[in-house]
Amino acid sequence: MDLKNTKAPVNTVTYNKAEIEKPTDNIYEAITIIAKRATQINSEIKKELIDKLDEFATYNDSLDEVFENKEQIEVSKYYERLPKPHALAVEEWLNNEITYKVK
26 MDLKNTKAPV NTVTYNKAEI EKPTDNIYEA ITIIAKRATQ INSEIKKELI
76 DKLDEFATYN DSLDEVFENK EQIEVSKYYE RLPKPHALAV EEWLNNEITY
126 KVK
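This is the structure we're talking about:
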């Protein structure tokens, strides 16, 4: 997933219900598929963030010393500015990038 080149909105957007339900002809099924994809995206982003923050981890028992690491702050700010996982999932859904199976 390429988070840098996404066109997903950062703010709340109203979508056309007909566009969302068009691939499945059922709004509830479409929302369920989008929600599952949003959960997957959230897991991927969380894993990536934890891996990057582990590079800056200091393992000491002293709570008196708190280090401000500028790189760590920048990484955190980058992930805070990203669109939310549900916005990314809706964008993928509208661009027909999500595959699903009907049982």
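According to our numbering, the sequence shown is numbered sequentially starting from 26.
Glycine included, every Cβ here is placed at the ideal spot set by N, Cα and C.
CB of residue i within 8 Å of CB of residue j, strictly
i	j	result
R62	A112	no
T37	P108	no
L74	Y104	yes
Proximity winner among the options, relative to residue i (alpha-carbon distances)
i	options	result
I66	V127, E116, A43 and K126	E116
L119	L28, A33 and D27	A33
I123	N41, K29 and T57	T57
P110	K71, E99 and Y125	K71
V127	P48, T39 and V35	P48
Rounded distance between the beta-carbons of residue j and residue i, thought under 8 Å
i	j	result
A60	E46	So it is not a contact: roughly 14 Å between Cβ atoms.
CA-to-CA distance, residue j to residue i, given in whole angstroms
i	j	result
A43	D50	9 Å
A82	R106	22 Å
I98	D27	21 Å
N94	N41	44 Å
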